[in-house]
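There are 2 protein chains.
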Amino acid sequence: MTFLSDQALKDKLNNRGYRSTAQRQKVLGLFMSLPQGEHLSAEELHATLIKNDLGETASVENHISLSTVYRTLHLMVSIGLLRELELAEGHKHYELNRPLRDHHHLVCLNCNQTLEFSESSIADIGEKTAQNAGYQVLDCQLTLYGICTSCTAKNSI
Amino acid sequence: MTFLSDQALKDKLNNRGYRSTAQRQKVLGLFMSLPQGEHLSAEELHATLIKNDLGETASVENHISLSTVYRTLHLMVSIGLLRELELAEGHKHYELNRPLRDHHHLVCLNCNQTLEFSESSIADIGEKTAQNAGYQVLDCQLTLYGICTSCTAKNSI
DNA sequence: ATGGGTGCAAACTGTTTGCAATCTG
DNA sequence: CAGATTGCAAACAGTTTGCACCCAT
Chain E
1 MTFLSDQALK
11 DKLNNRGYRS
21 TAQRQKVLGL
31 FMSLPQGEHL
41 SAEELHATLI
51 KNDLGETASV
61 ENHISLSTVY
71 RTLHLMVSIG
81 LLRELELAEG
91 HKHYELNRPL
101 RDHHHLVCLN
111 CNQTLEFSES
121 SIADIGEKTA
131 QNAGYQVLDC
141 QLTLYGICTS
151 CTAKNSI
Chain A
1 MTFLSDQALK
11 DKLNNRGYRS
21 TAQRQKVLGL
31 FMSLPQGEHL
41 SAEELHATLI
51 KNDLGETASV
61 ENHISLSTVY
71 RTLHLMVSIG
81 LLRELELAEG
91 HKHYELNRPL
101 RDHHHLVCLN
111 CNQTLEFSES
121 SIADIGEKTA
131 QNAGYQVLDC
141 QLTLYGICTS
151 CTAKNSI
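Going down the list, the sequences are from chains E and A.
Per full-length UniProt numbering, the first sequence runs over residues 1 to 157.
Per full-length UniProt numbering, the second sequence runs over residues 1 to 157.
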């Protein structure tokens with residue numbers, strides 16, 4: 001899933017007893033318009049949505065609330081539309097859960113710099129493992145934690 | 001590292017300009033006494049430490065504060081003694097960072113059940129990737145998110 | 001028309017921080 | 001001794017929740 005029409009989203013939601021709403025469409029739409037590899041926190045998402053709305057309609061009324069943002073993120077993660085990333089401290093980040101999940105992260109524990117890398121073999125391992133356990137996989141993440149070159153050099157820590 | 005004496009811990013800390021304290025020894029000691037695969041949140045760790053102290057000395061004074069627990073956990077993660085797990089919502093969990101990092105997690109997004117599994121090939125992939133990026137790896141985690149058998153059956157969500 | 005979804009504001013939870021006192025090297 | 005570390009309590013940030021209203025089905 002790299003592109004999903006509003007109608008397709010609606011079907012996906014309705015099939016599970018959920019409803020399609022303007023807010024949910026906007027959230028997914030924004031994620032779909034994001035460049036590959038870009039991820040947002042709940043608050044960044046919220047801020048962006050509001051900014052967009054202001055641009056389009058000059059109305060101050062088109063707000064989506066932060067609570068709804070959180071509720072929507074959870075919903076979409078549980079349906080497999082989004083993936084939740086736990087990178088550096090605190091802020092969780094979200095991104096589209098693309099079909100080929102060969103997109104993982106390398107995080108510096110000292111400065112929080114985050115690098116992305118791909119490794120197609122991981123998805124297979126994940127799929128196989130989950131199958132053995134009877135799980136239906138929605139996401140598969142390999143995260144490496146360490147100290148980056150410049151932090152090692154700076155001998156900080 | 002499956003066992004580390006107080007002296008070894010002290011050296012490890014001193015080498016980096018940190019100091020060895022009773023609190024740090026207790027924290028690491030507790031993790032070393034934990035059965036393989038067991039992990040604790042900061043608050044569980046804190047509660048356990050206090051309970052242990054009470055048992056041993058009947059003194060109510062042997063408390064380690066929650067702040068210190070947090071500070072110690074961060075320190076030990078950054079040194080590579082512990083690994084931080086982000087499993088279900090909120091609570092982060094910690095466990096000893098054993099040399100063979102072939103110990104990963106499978107989490108149900110619905111009921112939060114967590115399964116562990118090993119897959120030795122992952123560590124190699126991680127090591128190789130980190131090396132390319134010039135990182136010094138401290139931890140390597142593959143986490144699979146999905147829906148477990150019983151949740152799928154219950155058709156909840 | 002039903003019951004799922006939303007917004008708001010208030011409540012929470014886990015985590016962090018300033019500071020004075022205390023210990024380690 | 002100097003400087004790292006601690007405990008305490010207060011502050012925070014991000015996230016969740018109750019409730020009344022609204023809207024998709």
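Yeah, the Cβ is synthetic: ideal placement off N, Cα and C, and Gly gets one too.
- Of all residues in the region 68-80 of chain A, the ones placed with a Cβ closer than 7 Å to any Cβ belonging to chain E are V77, S78, in chain order.
- Using beta-carbon distances, Y94/E does not count as an interface residue toward chain A, since no partner is under 8 Å.
- Contacts with chain A at 8 Å (Cβ-Cβ) do not include C111/E.
- DSSP places T68/A in the uninterrupted alpha helix (DSSP H) bounded by 66-79.
- In summary, the residues of the region 15-27 of chain A whose CB is separated from some CB of chain E by less than 8 Å are R16, in the order they occur in the chain.
- Contacts between A130/E and chain A, judged by CB atoms closer than 8 Å, involve L106, L144, G146 in chain order.
- The Cβ atoms of N110/A and I64/A lie no closer than 8 Å to each other.
- The beta carbon of Q25/E lies closer than 7 Å to those of D6, L9 in the same chain, with the five residues before and after it left out.
- DSSP links V27/A through a beta bridge to no other residue.
- Excluding five sequence positions before and after C108/E, the CB atoms of its chain that fall closer than 7 Å to its own CB belong to G146, I147, C148, C151, given in chain order.
- Between V69/E and L45/E, the beta carbon gap of about 6 Å places them in contact (Cβ cut-off 8 Å).
- Taking CB atoms only, F31/A has no neighbour in chain E less than 8 Å away.
- Not one beta carbon of chain E lies nearer than 8 Å to the beta carbon of L34/A.
- Separation of the CB atoms of H105/E and T143/E is rounded to 5 Å, and the pair is thereby assigned contact status at 8 Å.
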